[in-house]
C-alpha cells in the first residue's frame with residue numbers, strides 16, 4: 108500500500124483493492140481529534156474508524172484532550188477542543204464498549220489519553 112500525506116487531514120491510500128473490508132484491530136494515535144475542527148467532524152471520524160472494525164474487534168485510540176491547535180512541520184492547524192465525555196459518547200454512539208468491565212479501558216495523564224475498546228456485535 109502507498110500512503111500519501113499532503114497535509115495532516117488529507118491522507119489517502121492509492122491502492123484500496125488491497126485493504127480488507129474490516130480489521131480485528133484499528134489503531135489511531137493523534138489522528139481522529141487532530142483531523143477534526145469541530146465535534147461533528149470528530150464524530151464522523153470516529154464513525155469511519157469504527158466501520159473498519161469487525162464485530163468483537165478493537166479500537167486503540169490515543170490523543171490529546173482540550174487542545175485547540177497543533178503543529179505539523181512549521182504550520183499551525185486548528186482542532187476541536189475535545190473532552191473525555193465527547194470521546195466516550197462518540198464511542199457509545201458507534202456500538203463500542205464504554206463501561207468499566209465491558210472491554211473498555213481508559214488511561215489518562217495530564218491531557219493525554221489512551222483507550223482500548225471492543226466493538227459489540
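Numbering (my numbering), first residue to last: 108 to 228.
For glycine and all other residues, C-beta sits at the position ideal for the given N, C-alpha and C.
As the structure is a computational prediction, the values presented were derived from the model and not from experiment.
C-beta contact flag for residue i and residue j at 8 Å
i: residue 186; j: residue 177; result: yes
i: residue 169; j: residue 220; result: yes
i: residue 165; j: residue 205; result: no
i: residue 203; j: residue 182; result: no
Reduced DSSP secondary structure (H/G/I, E/B, other) of residue i
i: residue 207; result: coil
i: residue 135; result: strand
i: residue 193; result: helix
i: residue 141; result: coil
i: residue 212; result: strand
Buried versus exposed, by CB contacts within 10 Å (16 or more), residue i
i: residue 129; result: exposed
i: residue 214; result: exposed
i: residue 197; result: buried
i: residue 222; result: buried
i: residue 134; result: exposed
Selected residue, minimal CA-CA separation from residue i, among the options
i: residue 190; options: 200, 173 and 199; result: 173
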